[in-house]
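Chemist: One structure is given below, represented as structure tokens, and several questions about it will come after.
Protein chains: 2
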Amino acid sequence: MTKTNEIYQQIVEMGKQIRTLQSLSLFMEWDQETFMPKGAIGFRSLQKQTLEALAHQHLTATELQELLGKLIDFDTGEFIKDDGLEDLQKAAIREFRLDVIKAKKLPESFVKNLAKMGSETVEVWAQTKPKNDFATFTPHLENFLKLVQEKSKLLGYEEHPYDPLLDEYEPGMTVKKLDKIFASLKDFLIPFAKKVRSKNLNTDFMYGEFEESKVLELDKRILSAMGFDDSTFRLDTSNHPFCLSFHPTDVRMTTVTKTTDLIAANVSATIHEGGHGLYEAGLDQDYFGTPICQAVSIAFHESQSKIWECCIGQSKSFWQHFYPQIQEMFPKNFKDQSLDTFYKTMNRVEPSLIRIYSDEVHYCLHVILRYEIEKGLIEGSIKVKDIPDIWNEKMEAYIGIKPKNHAEGCMQDIHWAWGLFGYFPTYALGTMYAAQLFDTLTGKFPDFDERLSQGHLHFIKEWLGENVHRYGRQYSSEELLVRATGKPFSSSFFEKYLEAKYL
Amino acid sequence: MTKTNEIYQQIVEMGKQIRTLQSLSLFMEWDQETFMPKGAIGFRSLQKQTLEALAHQHLTATELQELLGKLIDFDTGEFIKDDGLEDLQKAAIREFRLDVIKAKKLPESFVKNLAKMGSETVEVWAQTKPKNDFATFTPHLENFLKLVQEKSKLLGYEEHPYDPLLDEYEPGMTVKKLDKIFASLKDFLIPFAKKVRSKNLNTDFMYGEFEESKVLELDKRILSAMGFDDSTFRLDTSNHPFCLSFHPTDVRMTTVTKTTDLIAANVSATIHEGGHGLYEAGLDQDYFGTPICQAVSIAFHESQSKIWECCIGQSKSFWQHFYPQIQEMFPKNFKDQSLDTFYKTMNRVEPSLIRIYSDEVHYCLHVILRYEIEKGLIEGSIKVKDIPDIWNEKMEAYIGIKPKNHAEGCMQDIHWAWGLFGYFPTYALGTMYAAQLFDTLTGKFPDFDERLSQGHLHFIKEWLGENVHRYGRQYSSEELLVRATGKPFSSSFFEKYLEAKYL
Chain G
1 MTKTNEIYQQ IVEMGKQIRT LQSLSLFMEW DQETFMPKGA IGFRSLQKQT LEALAHQHLT
61 ATELQELLGK LIDFDTGEFI KDDGLEDLQK AAIREFRLDV IKAKKLPESF VKNLAKMGSE
121 TVEVWAQTKP KNDFATFTPH LENFLKLVQE KSKLLGYEEH PYDPLLDEYE PGMTVKKLDK
181 IFASLKDFLI PFAKKVRSKN LNTDFMYGEF EESKVLELDK RILSAMGFDD STFRLDTSNH
241 PFCLSFHPTD VRMTTVTKTT DLIAANVSAT IHEGGHGLYE AGLDQDYFGT PICQAVSIAF
301 HESQSKIWEC CIGQSKSFWQ HFYPQIQEMF PKNFKDQSLD TFYKTMNRVE PSLIRIYSDE
361 VHYCLHVILR YEIEKGLIEG SIKVKDIPDI WNEKMEAYIG IKPKNHAEGC MQDIHWAWGL
421 FGYFPTYALG TMYAAQLFDT LTGKFPDFDE RLSQGHLHFI KEWLGENVHR YGRQYSSEEL
481 LVRATGKPFS SSFFEKYLEA KYL
Chain F
504 MTKTNEIYQQ IVEMGKQIRT LQSLSLFMEW DQETFMPKGA IGFRSLQKQT LEALAHQHLT
564 ATELQELLGK LIDFDTGEFI KDDGLEDLQK AAIREFRLDV IKAKKLPESF VKNLAKMGSE
624 TVEVWAQTKP KNDFATFTPH LENFLKLVQE KSKLLGYEEH PYDPLLDEYE PGMTVKKLDK
684 IFASLKDFLI PFAKKVRSKN LNTDFMYGEF EESKVLELDK RILSAMGFDD STFRLDTSNH
744 PFCLSFHPTD VRMTTVTKTT DLIAANVSAT IHEGGHGLYE AGLDQDYFGT PICQAVSIAF
804 HESQSKIWEC CIGQSKSFWQ HFYPQIQEMF PKNFKDQSLD TFYKTMNRVE PSLIRIYSDE
864 VHYCLHVILR YEIEKGLIEG SIKVKDIPDI WNEKMEAYIG IKPKNHAEGC MQDIHWAWGL
924 FGYFPTYALG TMYAAQLFDT LTGKFPDFDE RLSQGHLHFI KEWLGENVHR YGRQYSSEEL
984 LVRATGKPFS SSFFEKYLEA KYL
């Protein structure tokens, strides 16, 4: 072992501690949404604060910076010593440096302030949303916006104040690039959605009462088919489906079993979270504690949930295998409906006010609308008080309907109340990455549909594991997509995918 | 706020952090026994190690010691400054000093070593116990014993090397005191057990198949009657019943629902854990982070589980209320049996090889046997290899039966494999404290039995809360017992209790 390797090992040990503290904070969230007694909520905040503050302290500790500084120049990012380090280890050091630099830009008090304001604003949002009371929410959002603008300044930018926020969730992405991508996507989607809009569909049979234990059994059957290892994940129920991972060997997902809308609210959600979960389970645990055992970006994470949820889980071949099973499990709803009817109904294209209930054709338009507004808010060209009008205008222009109230309009999402500006674009980027990956995947396996129709899905997990998951943050999101698909990013794959499916 | 109050507040903030880290480590244990995917076991060790090491670092940090040192003299324990501090706050500082002193006696590497050897020895124990292979287990236990003897030296003692180990679980208790207590108890119990031994009881109806969901419903009904606040606890199932508390608002208990022995393996176990749980829930959360929000000792903790499990949960008046309910829930077993038969059968006195299945008459003899052996091991008068012979001899002399193998003999308990020397005596002490508390409690409420027979139990929780729980570590265990019962500790209460119940 060289001296360099020794330093590397010391850094990894520190990284493990940081990552363990961060994952414990996620643990507290998982428990809060699943099993925590309600009365423990006050103490829960203290637990999360303690863990996050400790993680931040460790990440910004002089000791870590000094160790990293022995291997890599903090100012230039050039390696000083790398004898005996493998490529993955060098990548780990490269990314670790970036994490430390970013963490040091935000003082601990500022991070605490952000978290505190997040909790408070979410509470106001939760109270005002049901009353459609945007006026009361306005000053709170204005205050929060100021703090987010300060965050942008602290993180620093060259071109646009929105860039560093975007960079948090999709490193390397900028307003300049995104404006172009979204402009062309919008031009495609608006007329396309009108063209493929569903007509005269009877959707009644999709709704009903579904026995919860059976629903959960179905979910587990699907997750198992997707390739989950029984010994390294859990599926529980919660109010909103989510996936949190503490380690590649401990992935916790939730789904909603109490629903009248089995497919959209449960099955699709489970498959979606399953996609996230497989990414986390597919990270290289030997590198736990380093950025190699972390997903490359939120947008790429979303590509993994979307490829499973939409490209696979809403395909006809997938349901050729699973539809007979749900017909048997829930005969009241599905016995008398053909696979074709089911497939068409599940993939119906209809303008909807609510993003999370949107079909895959309209979905990105919901995202673009939010992106345009939040970019304006951050740069100051849009005022908080004007959000409702702008929202309603854009909704009509892009999707063709207008909300009757703020709850189903500009107050529907929790993101802004959480201070999550810069996050929304990842939903659309992930959707497009998914289509590009799907194009390559189906190209590699000429018998793709046949495999799916027989319930074979493991090969997809393996292909994604081999071409995406295992790399963690070794490559940038942009590079990773090129490596996996052989082509640079293009929205044309998504457009082609929609045309093939809906025309 | 005086300067002293400011320092006190700073200490409390540090205490909160330490306590939060410690409680997170308990959280990891709770999850491990309830919901953790099996494959996550490796990472779980890293999580626990990280948390425990951090808690130890914070507890032994110079900064904390300096702050405490401004209020209290570290050498003498005399207060330097206490203007504006309330009694409870002074007690908190007094106990905090003791915790820091104790923590500093054991270096971090030693603590880690203890934990590591614990995990390893438990694994050997788990493998060798089913094979009755004490010979293979011997060298491992010998090594561990050496480490425990070193721990005793590091902690320091005046009279007996067992004293500092005992002090960990029952502060202030010594071999000198305990030898006296146990000698007189043994003299009472051995002839008493022979005298009250049950004869010709048909116990068949106690065993059967019990529907798990109904069992859990019964458990929750009983816990609710005991006075649990629905919003601050959970009851789950696990292989062994236990209670872990993270905060007075977050108490997690488990029970066993898969059993053929409803009363002993489930109901009594649930009530036992419920007693522990009520103690934790009854601590003063305003003092969280200080020793005031901690149970005074393990022995006192055991008194809370024992008073509920035995004195209350195995009394006739308790079952006057609950027996009709289980007759209705499980008619196959209980419909045709009278309350008298049930009560007599549940309280049958029979020598048993296994401590945890022992009746309350023989129970303390099991504990005394272990105490005598582990005291001998620590002082060096007994060798590990001689344990089986000594065990079997004592078992015959005290309880009148002899194990056929080590699994039901000297290898039955996990404690020694965990390095828990000094812990066993708390089971007997707790049993005796419980009887003394019960004597006072029944004296205070002349209509005690009538209340129980009507299912009213809240007043017990309130009395224990008022007289025991809320004080935390404000008083020593000895003082607390005097305050609660008006009398110094005496084993005569336990003897009187047994005589009244069994003669």
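First to last, the protein sequences are chains G and F. Just so you know, the numbering used here puts 221 at position 221 of the first sequence, and the rest follows in order with no gaps. All you need for the numbering used here is the position in the second sequence, starting with 1, plus 503. C-beta: ideal position from N, C-alpha, C; glycine also. These numbers come from a predicted model, not from an experiment.
1) For residue 245(G), which three-state DSSP category applies?
2) Where does residue 736(F) fall in DSSP's three states?
3) Below 8 Å between beta carbons: does that hold for residue 422(G) and residue 166(G)?
4) By alpha-carbon positions, which one of 250(G), 140(G), 162(G) ends up nearest to residue 381(G)?
5) Within the 8 Å Cβ cut-off, does residue 727(F) reach chain G?
6) Below 9 Å on C-beta distance, what does residue 231(G) contact in chain F?
7) I want to verify the contact list: residues of chain G whose CB lies under 8 Å from the CB of residue 961(F), in sequence order.
8) Do residue 180(G) and residue 159(G) have their C-beta atoms within less than 8 Å of each other?
9) Smallest Cα separation from residue 33(G): which of 482(G), 448(G), 256(G), 466(G)?
10) Using a C-beta to C-beta distance shorter than 9 Å, which residues of chain G count as neighbours of residue 486(F)?
11) Sort out for me which residues DSSP pairs residue 600(F) with in a bridge.
12) I need the straight-line Cα distance from residue 168(G) to residue 342(G), nearest angstrom please.
13) For a contact meaning CB atoms closer than 9 Å, what does residue 1085(F) contact in chain G?
14) If I follow the unbroken alpha helix (DSSP H) through residue 718(F), where does it start and stop?
15) Of the choices 139(G), 91(G), 305(G), 152(G), whose alpha-carbon is the least far from that of residue 429(G)?
16) Of the choices 502(G), 258(G), 398(G), 25(G), whose alpha-carbon is the least far from that of residue 211(G)?
17) Under 8 Å by Cβ, that's how I've got residue 81(G) and residue 71(G) pegged, so tell me the actual separation to the nearest angstrom.
18) Since residue 549(F) meets chain G, which of its residues come closer than 7 Å, beta carbon to beta carbon?
19) Between the Cα of residue 356(G) and the Cα atoms of 265(G), 39(G), 286(G), which residue gives the shortest distance?
20) So that I know if they touch, is there some Cβ in chain F lying closer than 8 Å to that of residue 234(G)?
21) Quick check: what's the CA-CA separation for residue 386(G) versus residue 376(G)?
22) Which partner residues does residue 79(G) have in the DSSP bridge list?
23) Note down the Cα distance separating residue 599(F) from residue 608(F), rounded to an integer number of angstroms.
24) Between residue 558(F) and the rest of its own chain, which residues show a CB-CB distance below 6 Å, the 5 nearest in sequence each way excluded?
25) Leaving out the 5 sequence neighbours to the left and right, which residues in its chain are closer than 6 Å to residue 647(F) when beta-carbon positions are compared?
26) Tell me which residues share the same chain as residue 242(G) and place their Cβ nearer than 6 Å to its Cβ, disregarding the 5 neighbours each side in the sequence.
27) Just to confirm the assignment, what range does the beta strand (DSSP E) spanning residue 864(F) have?
28) When you check each C-beta in the region 357 to 371 of chain G against every C-beta of chain F, which residues fall closer than 9 Å?
29) Please tell me whether residue 738(F) and residue 723(F) are closer than 8 Å, where the distance is taken between their beta carbons.
30) Do residue 123(G) and the ligand MG come close, with the Cβ less than 7 Å from some heavy atom?
31) Taking DSSP as the reference, what is the three-state secondary structure of residue 762(F)?
32) Taking CB distances under 8 Å as the criterion, tell me whether residue 527(F) reaches chain G.
33) Between residue 407(G) and residue 951(F), what straight-line distance do the alpha-carbon atoms span, to the nearest angstrom?
34) Quick one: is residue 553(F) near chain G, going by C-beta distance under 8 Å?
35) So with CB distances below 8 Å, who are the chain G contacts of residue 750(F)?
36) Looking at chain G, is there any beta carbon in it that lies within less than 8 Å of the beta carbon of residue 753(F)?
Modeler: Judging by the given coordinates:
1) strand
2) strand
3) yes
4) 162(G)
5) no
6) 540, 541, 542, 543
7) The premise fails here: residue 961(F) is roughly 18 Å from chain G at the closest Cβ pair, so nothing lies under 8 Å.
8) no
9) 256(G)
10) Lying outside 504 to 1006, the shown extent of chain F, residue 486(F) is not represented and no answer is given.
11) Partner(s): none; residue 600(F) has no beta bridge.
12) 40 Å
13) The structure shown does not extend to residue 1085(F), since chain F is modelled only from 504 through 1006, so no value can be given for it.
14) 715 to 729
15) 305(G)
16) 258(G)
17) 5 Å
18) 16, 20
19) 265(G)
20) yes
21) 11 Å
22) 72(G)
23) 14 Å
24) 521, 524, 525
25) 620, 624, 922
26) 254
27) Run containing residue 864(F): none; DSSP gives neither H nor E here.
28) none
29) yes
30) For the structure depicted, the ligand MG is absent and the ligand set is empty, with no information on it obtainable.
31) coil
32) yes
33) 56 Å
34) yes
35) 40, 43
36) yes
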